[in-house]
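Structure record follows, encoded as structure tokens.
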Amino acid sequence: MKVLSMHPIMAQSFAIIDQQIGEHQFNQAEYGIVRRVIHSTADFEFTQLLRFSENAIASGISA
């Protein structure tokens, strides 16, 4: 998978999100989605609202 460099403003936004969320129950792939949802909406409540079914991300990628 190609890794793209992140714009400094986006990196700072994600750092703020990481700081605000702290410890969480998401795995790495899920957390990547949660961060982007929060970044897009500016709504930290999504950490409590989003749930992922088992293998949901892998199933979506392979579809």
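Residue numbers are given in the numbering used here: position 40 of the sequence shown equals residue 202, and the series is strictly consecutive.
Virtual Cβ for every residue (Gly too), placed ideally from N, Cα, C.
- In terms of Cβ geometry, E185 and F214 do not form a close pair [threshold 8 Å].
- In this structure, DSSP gives A204 a state outside helix and strand, which the three-state scheme calls coil.
- Contact check for I195 against I179 fails: the beta carbons are separated by 8 Å or more.
- For S221, the uninterrupted alpha helix (DSSP H) segment begins and ends at 218-224.
- 8 Å or more divides the Cβ of Q190 from the Cβ of F206.
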